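One structure is given below, encoded as structure tokens.
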């Protein structure tokens, strides 16, 4: 994947980014990227909030507290929507959302197949 845009993942792995920079691909599935129009400080705060919410999900799960886990999951969803990764798309050209679709079943199929 040399020379192709990538997004860093956990454990140092990188994932290819679609040519329009709307999605990255993990195990063949498209995942929507954050809205690039977010100001850096706003994005940083939202990412921090997301990490806090994800830790709360994990802690509630370990405590077997389903109410707290549900609340923490709602917080994760709220932050992901603010980042533009869920909910209404952040682009304005009318293109549909393929978030969570398999790349091979979308208009990105040829691009994805070309990654090797």
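In our numbering, the protein residues as written are 56 to 171.
The beta carbon of each residue, even a glycine, is placed where N, CA and C say it ideally should be.
Everything numeric in this text was worked out from a predicted model, so none of it was measured.
Cβ neighbour criterion (16 or more within 10 Å) applied to residue 134: The residue labelled residue 134 in the question sits at position 79 within the chain shown. Residue 134 comes out buried.
Secondary structure of residue 134, DSSP reduced to three states: Against the chain shown, residue 134 aligns to sequence position 79. The answer is helix: DSSP assigns residue 134 an H, G or I state.
Burial state of residue 171 (16 or more Cβ within 10 Å): As a working mapping, residue 171 is identified with position 116 in the chain shown. Residue 171 comes out exposed.
9 Å Cβ cutoff, residue 88 in contact with chain C: Among the chains of the structure shown, chain C does not appear; only one protein chain is present.
Simplified DSSP assignment, three categories, for residue 180: The displayed coordinates of the chain run from 56 to 171. Any statement about residue 180 would go beyond what the structure contains.
Under 9 Å between C-beta atoms of residue 69 and residue 85: Your numbering for residue 69 matches position 14 in the chain shown. Your numbering for residue 85 matches position 30 in the chain shown. Not in contact: residue 69 and residue 85 (Cβ atoms no closer than 9 Å).
Exposed unless 16 or more other CB atoms sit within 10 angstroms - verdict on residue 96: Position 41 of the chain shown, counting from 1, holds the residue named residue 96. So residue 96 ends up on the exposed side.
Pick from 108, 146, 87 and 164 that is closest to residue 132, judged by C-alpha positions: What you label residue 132 is simply residue 77 of the chain shown in a count that begins at 1. Among 108, 146, 87 and 164, the Cα nearest to that of residue 132 belongs to 108.
Span separating the alpha-carbon of residue 56 from that of residue 121: Reading the chain shown from its first residue, position 1 is the one you call residue 56. Reading the chain shown from its first residue, position 66 is the one you call residue 121. Caution is warranted here: a pLDDT of 38 is assigned to residue 56, below 50, making its placement in the model unreliable, and the coordinate value is therefore given only provisionally. Cα to Cα, the separation comes out at about 42 Å.
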